[in-house]
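This note's numbering numbers the first residue of the first sequence as 2 and each following residue consecutively.
Even glycine gets a Cβ: it sits at the ideal position worked out from N, Cα and C.
Every value quoted in this text rests on a predicted model; they were computed, and no experiment measured them.
Working notes, beginning with the structure itself.
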Amino acid sequence: MRMTQLLGSTLRDTPAGAESPGYQLLLRGAFVRQLGQGIFSFLPLGWRVKERVEEILRQEMDAVGGAEVLLPLVHPAEVWRRSGRYDAIGPELVRFSDRRTRPHVLALTHEEIVATLAASEVQSWRQLPRFVYQIQLKFRDDPRPRGGLVRLREFTMKDGYTLDRDPAGLDEQYARIHGAYVEIFRRCGLPVVAVSADVGMMGGYEAHEFMYLTPIGEDTIVLCDRCGYAQNRQVATAATLQPGAEDPVPMERVETPGADTIERLTAVMGIPAERTAKALFMATSDGRMVLAVVRGDMQLNETKLAGAVRAAELRPMTPEEIDAIGAVPGYGSPVGVGTQALVVVDELVARSPNLVAGANEAGYHLRNVNVGRDFQADVVADLAAVEAGQPCVQCGAPLRTERAVETGNIFKLGTRYAALGATYLGEDGEEKPIVMGSYGIGVDRLIACVAEECHDERGMVWPASIAPFSVHLCALGDEGLGASDAVVQALESAGLDVLVDDRGERAGVQFADAELVGCPVQVTVSKRSIAAGGVEAKLRADPGREPEIVPVAALAAWVAPHVGGRTRRMRPYR
RNA sequence: CGGGCUGUGGCGCAGCUUGGUUAGCGCGCUUGACUGGGGGUCAAGAGGUCCCGGGUUCAAAUCCCGGCAGCCCGACCA
């Protein structure tokens, strides 16, 4: 392909508003352009990268028995009503009417569609297991898209769905696809860690996320360097702490003026935060009031609390609601609170004697509060968010936390979508629910992560497997331009794809752009190289090394080992 | 949805505080000359509803009000 065919030119200045280095380079290298919030165009170079990634996805999905399909982007609302998600999901599900005022939605995932197909297409146990996947657009009206391609509203997802007779069958496919995911990220040159995760809105009973560790990530994962424990902070637990043994002593009311935060309380009373309990006032989506108690030095993990009270969603209580249960913000505690609120206590608090808690009266706290004696817990559960440095639940070594981007996830859904009629007739003649699994990879997000991972100060350094072209050919001067056709011919006839800089720009401009675009092999042809016996070749990943003179006839053989990871011959553009 | 920041030729920015000439600068673009291996030099050009709407004023890029858009933090989110 010739550079004069490309739409979009490289940028010398970093566009305003692009924060992360990877996103800056995707813009500067003319890979993508933003159209609206969370909505992007892929320019020719970006499209080539995307095509490469998709090819790897197809190969790996096919390798574990996947059959590619294409499911619609626009769904009648009825399908989502039947699964219950039409009402369960908030405004991120885009709803609209067609010309006959029939309600529709834009696909934000495709479980419903696969389940609907399974209902009509699968009748017998002989038709299971199955694994279908697609590479499709999704639209999620996210309240806050950000980070360029990291968090989009319109995005491309590789989503796959397994259909099985029973959980054992699901486990088998799940493990196989887990392995395929590891291979996909390896081939794309992106280091990830697989962590256990919350199932979220998908429902189901087990999930893993494939996380790329980066400070721009929006998730926090908890890692143990000794034993390999790795979980999303939403579900992570630390080893149980053992509070000092101490006999309960009588509770007393103390004056604590202005101590309406844990920080001020510890200052006023001269005690460490570990000796305090704090109350958080939450309401469930089904209208229950929840008073959660964690130790003063710890953060509430809302995912854990939601699980403990079996709530779909939680929100903070309003001041009126707090007042109605008889509590006082800043001085709140379960002591003396009426039965309108469900009291949920972190297990560490439940075992800790003589804590300081609020008195539900402005300016007063209670010393020596003991669970069971001074108030009753309706539920005792692990509610605390894991902090770095806490001991690992498996081996006791100090845990580490890292920011990460979720580039892929896999879910064991189980039978929840059987409600859409996804059942089969078993070998025993009985109707049984199909057991489903769901498997996603965000293609754009994966590219964004690779851009973060694979660059230097001059531009992208794409892994050969997904680079837009194998070779970036700089044709310098009339002699270089004149000789470039033969070089392209030599490479393309060997199955190598080439981007030719045929713009007639000066050497410096061509070199700078080649480094920005980041193809693995950079070849220069010019009067000088011809006089030296061929072309100059060097690797993008090794910019410091002197280029090597290679005869045109030997060039393809020189290039090939450096682009071995490329798997598909792309059609030449002509 | 809350908080903060920003909207000025294709890109990056100045000007706004304290209203007043033809709204500037760098890059890019066009034409010509020179140059020709790391974003070269010189010259001549093209290109602008100063985000939108309203208001104040003799006069608004500039001040006021209201929108819209983008970015960041938070809430939210597979």
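Residue from the options with nearest C-alpha to residue i
i      : options                           : result
Ala344 : Leu367, Tyr24, Ala382 and Trp48   : The question names Ala, but residue 344 is Val in the sequence shown. Measuring from the Cα of Val344, the nearest candidate turns out to be Ala382.
Gly545 : Gly534, Leu556 and Gln523         : Gln523
Gln341 : Ile323, Gly422, Val193 and Glu348 : Ile323
Gln300 : Val387, Val357 and Tyr182         : Val387
Gln391 : Gln25, Ala239 and Pro77           : Ala239
Thr285 : Leu315, Ala554, Arg374 and Arg29  : Leu315
Gln38  : Phe140, Ser98, Tyr365 and Pro22   : Phe140
Gly30  : Thr11, Ile217, Tyr182 and Glu362  : Thr11
Gly429 : Leu421, Arg166 and Glu56          : Per the sequence shown, the amino acid found at residue 429 is Asp instead of Gly. Measuring from the Cα of Asp429, the nearest candidate turns out to be Arg166.
Gln515 : Ala468, Gly496 and Asp486         : Contrary to the premise, residue 515 reads as Ala rather than Gln in this sequence. When only C-alpha atoms are compared, the closest one is Ala468.
Asp298 : Arg289, Ile272, Gly288 and Met283 : Ile272
Tyr332 : Arg311, Phe376 and Asp261         : Asp261
Pro464 : Val255, Leu7, Val518 and Leu477   : Val518
Pro77  : Ser98, Pro92 and Ala68            : Ser98
Leu46  : Leu500, Glu112 and Asp226         : Leu500
Phe132 : Glu155, Ala64 and Arg154          : Ala64
Glu20  : Leu36, Ser530 and Ala452          : Ala452
Whole-angstrom distance between residue j and residue i, CA atom to CA atom
i      : j      : result
Asp142 : Val95  : 6 Å
Thr241 : Leu266 : 25 Å
Cys393 : Ser197 : 15 Å
Gly148 : Gly9   : 21 Å
Leu187 : Val194 : The question names Leu, but residue 187 in the sequence shown is Arg. Rounded to the nearest angstrom, the two C-alpha atoms are 11 Å apart.
Ser334 : Ala398 : 33 Å
Gly18  : Arg234 : 29 Å
Ala176 : Arg152 : 27 Å
Asp347 : Arg459 : 51 Å
Arg575 : Met2   : Caution applies to Arg575, whose pLDDT of 49 falls short of 50 and renders its modelled position unreliable; the model cannot decide the point.
Leu384 : Ala538 : 59 Å
Ala533 : Val50  : 34 Å
Arg567 : Arg59  : 14 Å
Thr215 : Thr257 : 43 Å
Pro16  : Trp48  : 20 Å
Tyr418 : Arg446 : 27 Å
Asp248 : Cys396 : 30 Å
Asn369 : Glu207 : 40 Å
Arg374 : Val255 : 18 Å
Gly565 : Glu219 : 34 Å
Ala405 : Pro22  : 16 Å
Leu7   : Trp81  : 41 Å
Phe470 : Asp498 : 6 Å
Check whether residue i and residue j have beta carbons under 8 Å apart
i      : j      : result
Arg401 : Leu224 : yes
Ser466 : Cys228 : no
Gln137 : Leu72  : yes
Arg351 : Ala378 : Note that residue 351 corresponds to Ala in the displayed sequence, not to Arg. In contact: Ala351 and Ala378 (Cβ atoms closer than 8 Å).
Leu292 : Ala237 : no
Pro330 : Pro317 : no
Lys1   : Ile448 : An answer regarding residue 1 cannot be provided, because it is not within the stretch 2 to 575 covered by the chain.
Phe43  : Val54  : no
Asp502 : Cys475 : yes
Gly161 : Tyr440 : yes
Ile411 : Ala423 : no
Ile217 : Gln232 : no
Thr277 : Leu367 : no
Pro244 : Ser121 : no
Leu164 : Pro130 : yes
Leu426 : Gln124 : yes
Leu118 : Lys413 : no
Leu109 : Glu93  : yes
Val551 : Trp559 : yes
Phe211 : Thr408 : yes
Glu184 : Glu52  : no
Val536 : Val472 : no
Val526 : Gly496 : no
Leu150 : Tyr230 : no
Residues that DSSP places opposite residue i in a beta bridge
i      : result
His209 : Ser197 and Ile411
Glu549 : Ala538
Leu343 : Val291
Tyr425 : Lys433
Asp220 : Ala405
Gln6   : According to DSSP, which records beta bridges pairwise, Gln6 is partnered with nothing at all.
| request: Please go through the region 240 to 279 and give each complete beta strand (DSSP E) segment of 3 or more residues, from N-terminal end onward. | output: Runs found: 253 to 256.
Practice item. At 4 residues or longer, and completely inside the region 122 to 192: list those alpha helix (DSSP H) runs for me, N to C. Key: Whole alpha helix (DSSP H) segments, 4+ residues: 168 to 188.
Pick out the complete beta strand (DSSP E) segments inside the region 443 to 521, 3 residues or longer, and give them in chain order.
Taking only runs of at least 3 residues, the beta strand (DSSP E) segments lying wholly in the region 443 to 521 are 472 to 476 and 499 to 502.
Point to revise | Ranges of the alpha helix (DSSP H) found wholly within the region 344 to 392, counting only runs of at least 4 | key: Inside the region 344 to 392, DSSP marks whole alpha helix (DSSP H) runs of 4 or more residues at positions 348 to 352, from first to last along the chain.
Practice problem: Note down, one range per segment and in chain order, each beta strand (DSSP E) of at least 3 residues found wholly within the region 15 to 61. | Solution: Residue ranges of uninterrupted beta strand (DSSP E) with 3 or more members, entirely inside the region 15 to 61 and ordered along the chain, are 33 to 37 and 40 to 43.
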